[in-house]
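Novice:
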C-alpha cells in the first residue's frame, strides 16, 4: 500500500466525457481541453497524521487529503442553468466512476472518504473554470 500507488490508480480513473486526469502542473488547462480532472494535495491542521494500532504495533496508518478538481468549462461559458446542468451531469458521472474502486485497487486500508468541497467557479492558477472540487480522505497502512 502506497500513496504513489493510490495516486496512480486515481489518475487512471475514467469518467465519461472527461478528456484528461492528471496531477496539477503550472501549465493552465486550455478551455478546449475541458472537461478535465486535476489532483492537488492539501494539508489541514490536526487531520493528517500517523496513528499506531496499539502501543506495541510496528505498523500504523497515515491519513492524507487530496482535492480532485473536475473542471468542466470556462468560468463564464454558457448560461447559468447550462453550467448547473453540466455540474450535475458530471457529478453523477464522477460518483459512478469512483464507486467502482473505493479502495483504489486495494491501496487504501478502508474505502476513501469523499466530500464535495466546492461547486461553481474554481480558480486554478490565473484562470477561472466552472466545476466541482472533491476532497478525498485516504487511510493507508504503513509497513
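Residue numbers (my numbering): 1 to 143. Yeah, the Cβ is synthetic: ideal placement off N, Cα and C, and Gly gets one too.
Consult DSSP for residue 7 and reduce its assignment to one of helix, strand or coil.
Specialist: Three-state result, residue 7: helix.
Novice: Within the continuous beta strand (DSSP E) that includes residue 38, where are the two ends?
Specialist: 36 to 42 is the span of the beta strand (DSSP E), which, as asked, contains residue 38.
Novice: Quick check: what's the CA-CA separation for residue 69 versus residue 61?
Specialist: The straight-line gap from Cα to Cα measures roughly 25 Å.
Novice: Mind checking whether residue 3 and residue 95 have CB atoms under 8 Å apart?
Specialist: Cβ distance not < 8 Å, so residue 3 and residue 95 don't count as in contact.
Novice: Between residue 35 and the rest of its own chain, which residues show a CB-CB distance below 7 Å, the 5 nearest in sequence each way excluded?
Specialist: Excluding positions up to five away in sequence, the list reads 17, 18, 19, 70, 71, 72 and 90.
Novice: Assess, as a yes-or-no matter, whether the region 19 to 33 is touched by the region 107 to 122 under the definition of 3 or more beta carbon pairs within less than 8 Å.
Specialist: These segments do not touch.
Novice: Quick one: is residue 108 buried, meaning 16 or more other Cβ sit within 10 Å of its Cβ, or exposed?
Specialist: Its Cβ being crowded by 16 or more others within 10 Å, residue 108 is buried.
Novice: Beta-carbon within less than 7 Å of residue 51's beta-carbon, same chain only, minus the 5 sequence neighbours each way: which residues are those?
Specialist: Below a pLDDT of 50, predicted positions are generally treated as unreliable, and residue 51, at 49, falls in that range; no measurement from the model is reported.
Novice: So, is residue 128 buried or exposed, given that buried needs 16 or more other C-beta atoms within 10 angstroms?
Specialist: Looking at its Cβ environment, which holds fewer than 16 other Cβ atoms inside 10 Å, residue 128 is exposed.
Novice: Give the range of the alpha helix (DSSP H) segment to which residue 98 is assigned.
Specialist: Per DSSP, residue 98 belongs to the alpha helix (DSSP H) from 80 to 99.
Novice: With respect to the beta strand (DSSP E) encompassing residue 31, which residues constitute its N-terminal and C-terminal limits?
Specialist: Neither: residue 31 is in no beta strand (DSSP E) and is coded neither H nor E.
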